[in-house]
Ligand code: MLT
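Residue numbers (the working numbering): 59 to 338.
Printed below as a string of structure tokens:
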């Protein structure tokens with residue numbers, strides 16, 4: 059049993075390779091619909107719902123999910139689950155084994171990028187190449203962890219609506235918010251469908267994540283770093299830090315996009331992705 063996923067084409071149709079798209083927080087594989095529909099010839103795309111998100115129940119896939127008691131920290135309570143990047147990386151490795159014969163290009167956006175770093179740390183053999191979109195290598199600082207704690211408290215009390223309200227302005231560029239009500243609606247809808255227990259578990263997991271900065275020079279596979287020009291959550295400086303430290307990395311800054319560059323400017327994102335994949 060693996061993660062629930064969407065795919066661009068059936069297994070064995072990707073003679074050029076498979077790319078696994080890993081969504082951010084608090085989204086689902088649906089966030090990659092515009093990429094699954096526009097891959098270069100010969101490429102197969104799969105976009106899982108990470109554990110606890112979308113159609114993948116938090117305990118549907120085998121493997122331990124720690125609790126707040128085990129992990130420590132104050133975001134998840136003692137009996138609440140924590141979705142660590144280690145859990146996500148293990149699930150992704152299993153998906154790659156089951157669906158891509160043990161090796162895939164991995165494209166992670168934001169939290170999906172944190173999971174991709176952990177996959178590289180633990181299972182580098184599963185990673186043929188990396189796409190790191192709107193993400194950062196550094197861990198949370200004290201202020202970041204405090205913000206997650208506050209967001210978890212809000213979710214416990216009032217559910218996902220306040221999260222949708224608070225996050226939307228920082229997720230999408232001003233231009234997207236003005237010109238693309240359909241994108242705003244899709245983003246809001248995914249946030250509202252996230253189970254509160256999953257949101258709290260992922261907030262605790264992200265707060266506890268490992269700092270990947272020192273590992274950037276060990277990334278020995280071709281890497282494309284993508285950043286939305288107006289990304290307020292992971293500004294393009296983070297993308298430049300990653301590009302400078304990863305030996306075989308290039309960068310593409312997507313004009314007019316915010317944090318969700320793949321949804322906001324799919325044509326520009328897909329062009330950058332296609333040129334990277336066809337060059338592998
Ligand atoms: C995401 O888009 O995955 C989140 O904004 C990442 C984060 O909260 O660090």
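Virtual Cβ for every residue (Gly too), placed ideally from N, Cα, C.
Given a cut-off of 8 Å on the beta-carbon distance, is the pair residue i and residue j in contact?
i, j, result
"residue 142", "residue 263", "yes"
"residue 169", "residue 241", "no"
"residue 119", "residue 149", "yes"
"residue 174", "residue 163", "no"
"residue 157", "residue 69", "yes"
"residue 282", "residue 310", "yes"
"residue 147", "residue 176", "yes"
Distance, Cα to Cα, residue i vs residue j?
i, j, result
"residue 208", "residue 193", "22 Å"
"residue 94", "residue 87", "10 Å"
"residue 181", "residue 248", "29 Å"
"residue 96", "residue 328", "7 Å"
"residue 159", "residue 228", "38 Å"
"residue 337", "residue 205", "40 Å"
"residue 67", "residue 77", "11 Å"
"residue 325", "residue 278", "28 Å"
"residue 268", "residue 280", "22 Å"
"residue 185", "residue 59", "21 Å"
Pop quiz: residue i and residue j are said to be a contact at Cβ under 8 Å. What is the actual Cβ separation, rounded to whole angstroms?
i, j, result
"residue 250", "residue 219", "7 Å"
"residue 316", "residue 230", "5 Å"
"residue 214", "residue 239", "Contact flag wrong, Cβ pair sits at about 30 Å."
"residue 116", "residue 259", "7 Å"
Would a check of beta-carbon distances place residue i closer than 8 Å to chain B?
i, result
"residue 126", "Of the protein chains in the structure, only one exists, and it is not chain B."
Original post:
Taking contact to mean at least 3 C-beta pairs separated by less than 8 Å, is the region 101–117 in contact with the region 213–226?
Top reply: no
**OP:** Note down, one range per segment and in chain order, each alpha helix (DSSP H) of at least 4 residues found wholly within the region 107–190.
**Re:** 126–129, 143–158 and 169–180
**OP:** Please confirm if the region 283–291 is in contact with the region 131–139, defined as three or more CB-CB distances below 8 Å between the two stretches.
**Re:** no
Subject >> the region 71–89 / the region 110–118 touching (three or more Cβ pairs under 8 Å) >> reply: yes
Original post:
For the 8 Å Cβ check, are there 3 or more pairs between the region 72–86 and the region 302–313?
Top reply: no
Original post:
What are the complete alpha helix (DSSP H) segments, minimum 4 residues, inside the region 183–228?
Top reply: 200–216
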